[in-house]
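Just so we're aligned: 418 in my numbering is position 171 of the sequence shown, and the numbers increase by one with no gaps anywhere.
To start, the structure itself, in structure tokens.
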Amino acid sequence: MTDTRYLVHGVFWPAPPGTAAGGSAGPGPYLRLQTPDGTFREVTLDAGTRLGFRLAAEGKHCLGHHVVHGPAHRDHVLCARRAPAVRGHQCERCFVVDDSRLIHGFHRDGRVPPGLRSYLMQPHWLYVATFANGASKVGTAAELRKWQRLAEQGAVAACYVAHAADGRVVRILEDLVTRETGLPQQVRSAAKAAALASPAPAGWLRGHNAALAASARGVVSRSGAEGFHVVEENWSRPALAGPLCSEGRRHLYPHALAAGSHGFTITALCGSFALAAIDGTGLEFVVDLGRLKGRSIELGQYSSEVPAVQEALF
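In structure tokens form, the structure reads like this:
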């Protein structure tokens with residue numbers, strides 16, 4: 248056991264070898280933890296990882312803000328006051344000074360700082376992502392985040408439909424696809440978790456995604472817009488996500504991650520969603536580790552409470 252309190256910054260997926268931003272070592276996904284002195288610790292979330300922790304404080308705290316200097320360079324500025332989070336995972340001050348909040352209006356007014364402009368003027372990808380129940384969305388990814396963007400969202404199947412010269416063009420295309428096809432630009436985390444508890448057949452999901460991607464390609468092809476070209480490219484899902492995206496008997500994790508002690512063994516990971524086994528149950532559960540983001544935890548040999556009536560879960 249340890250009494251060190253860590254502030255959770257979320258689940259991250261490094262780019263694998265062979266991708267534009269990938270290294271040679273091929274590190275796996277990890278839970279990023281901020282220590283009390285402002286440094287970071289990474290807890291790897293491979294298959295077989297035993298993760299035990301207890302919630303050490305109530306509520307969520309600010310994770311700071313980002314200052315963007317260019318396509319591959321940004322500073323993460325920690326919240327000096329360690330203030331409670333009031334907007335997402337930020338305090339009011341960090342929200343106001345965060346460069347990232349200006350991204351979504353860039354294609355309408357163009358008013359962004361020089362560093363963020365440099366980031367947004369790199370090539371971007373337009374994609375269609377499908378989740379475990381068939382719910383789908385259209386989205387964008389910067390050149391250097393092409394693979395991770397989909398991995399971190401927990402996509403089960405995805406296709407790239409256009410490669411744009413910059414972030415302004417790709418967001419114009421994104422809005423156009425939403426307007427013409429009805430594809431949303433967001434799918435709630437709770438819906439993704441529920442879908443992973445009972446995934447649709449893999450073949451159907453791939454076909455559904457391919458059909459939606461073809462429709463999106465048709466929309467952008469007829470748009471008359473310039474500064475992009477249509478592509479037909481499938482996204483490669485991480486192997487670690489496979490068991491969680493396959494059909495099987497599993498259940499939503501029965502405990503809230505806002506309080507108490509928790510401990511389980513991870514067998515698969517899709518985005519921030521873990522397929523986890525609780526000791527003594529013989530059952531597998533879908534746990535959304537993203538719900539820990541902004542919360543304070545202590546690591547240790549903790550265990551989740553065994554559900555009182557296991558039959559009720561079936």
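Glycine included, each C-beta is placed from N, C-alpha and C at the ideal position.
Item to check | Identity of the residue in 345, 315, 307, 344 nearest residue 329 by Cα | outcome: As a first step, residue 329 is located in the sequence shown; it is residue number 82 there, counting from the start. Per the Cα distances, 307.
Next on the checklist: Nearest by alpha-carbon distance to residue 404: which of 335, 501, 458 is it?
Outcome noted: The residue you call residue 404 lines up with position 157 of the sequence shown. Taking only the C-alpha atoms, the option nearest residue 404 is 458.
Item to check | Member of 421, 319, 462, 364 whose CA lies at the smallest distance from the CA of residue 392 | outcome: In the sequence shown, counting from the first residue as 1, residue 392 sits at position 145. Here the closest residue by C-alpha is 319.
Item to check | Same chain, Cβ closer than 7 Å to residue 462, neighbours up to 5 away in sequence not counted | outcome: Position 215 of the sequence shown, counting from 1, holds the residue named residue 462. Closer than 7 Å at the Cβ level, and outside the excluded window around residue 462, lie 428.
Checklist entry - So, residue 444 versus residue 496, is the Cβ gap smaller than 7 Å? => result Taking the first residue of the sequence shown as 1, we reach residue 444 at position 197. Taking the first residue of the sequence shown as 1, we reach residue 496 at position 249. No, the Cβ-Cβ distance between residue 444 and residue 496 is not below 7 Å.
Checklist entry - How is the beta strand (DSSP E) around residue 366 delimited, first residue to last? => result Position 119 of the sequence shown, counting from 1, holds the residue named residue 366. Where residue 366 is concerned, there is no enclosing beta strand (DSSP E), although the alpha helix (DSSP H) it sits in stretches over 361-367.
Item to check | Per DSSP, the bridge partner or partners of residue 407 | outcome: Here the question's residue 407 lines up with position 160 in the sequence shown. Bridge partners of residue 407: 374, 480.
Next on the checklist: In the DSSP output, what is residue 347 paired with across the bridge?
Outcome noted: As a first step, residue 347 is located in the sequence shown; it is residue number 100 there, counting from the start. Paired residues: none, contrary to the question.
Next on the checklist: Suppose contacts are defined by Cβ-Cβ distances below 7 Å. Is residue 537 in contact with residue 436 by that definition?
Outcome noted: Within the sequence shown, numbered from 1, the residue matching residue 537 stands at position 290. Within the sequence shown, numbered from 1, the residue matching residue 436 stands at position 189. For residue 537 and residue 436, yes; Cβs fall inside 7 Å.
Checklist entry - For residue 450, is the classification buried or exposed, using 16 other Cβ atoms within 10 angstroms of its Cβ as the cut-off for buried? => result Taking the sequence shown and counting its residues from 1, the one referred to as residue 450 is at position 203. Classification of residue 450: exposed, given that the 10 Å Cβ count is below 16.
Checklist entry - Can you list, in chain order, the residues of its chain whose CB lies under 8 Å from that of residue 470, leaving out five sequence neighbours each side? => result Here residue 470 refers to the residue found at position 223 when the sequence shown is read from its first residue. Once the five neighbours on either side are set aside, the close Cβ partners of residue 470 are 420, 423.
Item to check | Identity of the residues DSSP links to residue 545 by a beta bridge | outcome: The sequence position of residue 545 within the sequence shown is 298, counting from 1. Beta-bridge pairing links residue 545 to 301.
Item to check | Any 3 or more C-beta pairs closer than 8 Å across the region 284-304 and the region 369-377 | outcome: no
Checklist entry - Among 446, 381, 488, 292, which has the Cα closest to the Cα of residue 455? => result Residue mapping note: residue 455 aligns to position 208 of the sequence shown, counting from 1. Residue 381 is the option with its Cα nearest to residue 455.
Next on the checklist: For a quick check, are the C-beta atoms of residue 299 and residue 549 less than 7 Å apart?
Outcome noted: Counted from its first residue, the sequence shown places residue 299 at position 52. Counted from its first residue, the sequence shown places residue 549 at position 302. Yes, Cβ-Cβ distance for residue 299 and residue 549 is below 7 Å.
Next on the checklist: Please return the same chain residues whose Cβ sits closer than 6 Å to the Cβ of residue 344, not counting the five positions on each side in sequence.
Outcome noted: What you label residue 344 is simply residue 97 of the sequence shown in a count that begins at 1. Closer than 6 Å at Cβ, skipping near neighbours: 312.
Next on the checklist: In chain order, what are the residue ranges of uninterrupted beta strand (DSSP E) at least 3 long that sit wholly in the region 440-511?
Outcome noted: 475-481
Next on the checklist: Between 533, 399, 402, 278, which has its C-alpha nearest residue 543's C-alpha?
Outcome noted: Stepping through the sequence shown from its first residue, residue 543 is reached at position 296. Among 533, 399, 402, 278, the Cα nearest to that of residue 543 belongs to 278.
Item to check | Helix, strand or coil at residue 338 [DSSP, three-state] | outcome: The residue you call residue 338 lines up with position 91 of the sequence shown. Coil at residue 338, not helix or strand.
Next on the checklist: Quick check: the region 279-291 against the region 514-531, are at least 3 beta-carbon pairs closer than 8 Å?
Outcome noted: no
Item to check | DSSP three-state assignment for residue 438, whether helix, strand or coil | outcome: As a position in the sequence shown, residue 438 is number 191, starting the count at 1. In this structure, residue 438 counts as helix in the three-state DSSP scheme.
Item to check | Coil, strand or helix - residue 306 by DSSP | outcome: Position 59 of the sequence shown, counted from the start, is the residue given in the question as residue 306. Three-state result, residue 306: coil.
Next on the checklist: Which same chain residues end up closer than 7 Å to residue 332 when comparing Cβ atoms and leaving out the 5 residues on each side of it in sequence?
Outcome noted: Looking up residue 332 in the sequence shown gives position 85. For residue 332, where only same-chain residues beyond five positions count, the Cβ hits under 7 Å are 307, 308, 309, 338, 541.
Checklist entry - Count the other CB atoms within 10 Å of the CB of residue 250; is the residue buried (16 or more) or exposed (fewer)? => result Taking the first residue of the sequence shown as position 1, residue 250 is located at position 3. Exposed: under 16 other Cβ atoms inside 10 Å.
Checklist entry - Considering only C-alpha positions, which residue in the set 552, 395, 327 is nearest to residue 262? => result On the sequence shown, residue 262 is found 15 positions in, with the first residue counted as 1. Ranking 552, 395, 327 by Cα distance to residue 262 puts 395 first.
Next on the checklist: What does the Cβ neighbour count give for residue 282, buried or exposed, with the cut at 16 atoms within 10 Å?
Outcome noted: Taking the first residue of the sequence shown as 1, we reach residue 282 at position 35. Residue 282 comes out exposed.
Next on the checklist: Taking the alpha carbon of residue 525 as the reference point, which residue from 514, 519, 518 has its own alpha carbon closest?
Outcome noted: If you number the sequence shown from 1, residue 525 lands on position 278. Per the Cα distances, 514.
Checklist entry - Which partner residues does residue 317 have in the DSSP bridge list? => result As a first step, residue 317 is located in the sequence shown; it is residue number 70 there, counting from the start. In DSSP, residue 317 forms a bridge with 320.
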